[in-house]
Amino acid sequence: MSRLLCCLLICLLPLLSHGLEVGETAPEFELSSLPNQTPMELQDFAGKVRYVDFWASWCAPCRVSFPELIKLRAEMGSENFEIIAISVDEKTEDATRFLRRFDPQYPVLHDPDGKVAERYDIPTMPTSFIIDRYGQITMVHTGFRDGDIEKIRTHTNSLLAEES
Numbered sequence: 492m493s494r495l496l497c498c499l500l501i502c503l504l505p506l507l508s509h510g511l512e513v514g515e516t517a518p519e520f521e522l523s524s525l526p527n528q529t530p531m532e533l534q535d536f537a538g539k540v541r542y543v544d545f546w547a548s549w550c551a552p553c554r555v556s557f558p559e560l561i562k563l564r565a566e567m568g569s570e571n572f573e574i575i576a577i578s579v580d581e582k583t584e585d586a587t588r589f590l591r592r593f594d595p596q597y598p599v600l601h602d603p604d605g606k607v608a609e610r611y612d613i614p615t616m617p618t619s620f621i622i623d624r625y626g627q628i629t630m631v632h633t634g635f636r637d638g639d640i641e642k643i644r645t646h647t648n649s650l651l652a653e654e655s
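Residues 492 to 655 in the working numbering are what the sequence shown lists, from first letter to last.
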């Protein structure tokens with residue numbers, strides 16, 4: 492009986508995890524950039540609206556989202572907005588091989604041990620957070636489907652408009 496109860500509790504633990512929610516303060520982190528291994532922190536982009544995107548080279552929706560995010564970043568510039576992509580690939584080579592296909596012009600960081608992804612309680616790939624200039628999470632977005640970039644653009648534009 493105690494073994495059954497123990498197994499049941501282990502199975503229910505993920506349901507108790509609530510993940511980060513809109514209105515919470517985004518957890519700080521420090522990770523190395525790819526490919527040059529420069530340390531970067533979330534606070535390096537304080538004062539900007541930030542789109543923090545957790546991704547992996549093996550993630551099919553990530554292959555769809557990257558070109559759309561590259562276009563979004565080019566459209567919005569970097570004065571008041573920044574995309575911060577965080578690879579959860581264990582091997583640096585897997586992430587850099589993926590990046591060679593897309594060449595994003597925004598910071599790409601590496602979380603090989605998954606500690607930052609764990610702190611953000613990432614349920615699936617990709618998972619993204621829009622963070623306002625004050626460090627508050629204003630949107631949590633999982634997956635990437637047709638039409639998602641418009642929702643992201645609209646939400647980001649509304650933050651930029653109200654905060655300028």
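Backbone N, C-alpha and C fix where the C-beta goes; we use that ideal spot for every residue, glycine too.
All figures in this text were calculated on a predicted structure; none of them were measured in a lab.
Rounded C-alpha distance that separates residue i from residue j
i	j	result
V543	D604	18 Å
L590	P552	15 Å
T618	A652	24 Å
M663	F520	Residue coverage of the chain in this structure runs from 492 to 655, which leaves residue 663 outside it and unanswerable.
L511	P518	9 Å
R554	S569	22 Å
G626	V599	19 Å
T633	F545	10 Å
V579	I643	22 Å
D602	A565	25 Å
F620	L560	13 Å
E532	F635	25 Å
L525	E581	13 Å
Start-to-end residues for the beta strand (DSSP E) that takes in residue i
i	result
D544	540 to 546
T633	628 to 633
E695	Residue coverage of the chain in this structure runs from 492 to 655, which leaves residue 695 outside it and unanswerable.
L600	599 to 601
Cβ-based burial, residue i [other Cβ within 10 Å; buried from 16]
i	result
R541	buried
C549	Residue identity differs from the one stated: residue 549 is Trp in this sequence, not Cys. With fewer than 16 other Cβ atoms within 10 Å, it is exposed.
C502	In this prediction, C502 has a pLDDT of 39, which is less than 50 and means its spatial position is unreliable; what the coordinates show is noted afterwards. It counts as exposed.
The ligand PLP heavy atom lying under 6 Å from the CB of residue i
i	result
M616	Inclusion of the ligand PLP in the displayed structure is not the case, the ligand content being empty and no account of it being possible.
Which of helix, strand or coil DSSP assigns to residue i
i	result
T615	coil
R644	helix
P530	strand
E653	helix
A608	helix
F536	helix
Bounding residues of the alpha helix (DSSP H) (the contiguous stretch that carries residue i)
i	result
P526	It is not in any alpha helix (DSSP H) - P526 carries neither H nor E in the DSSP assignment.
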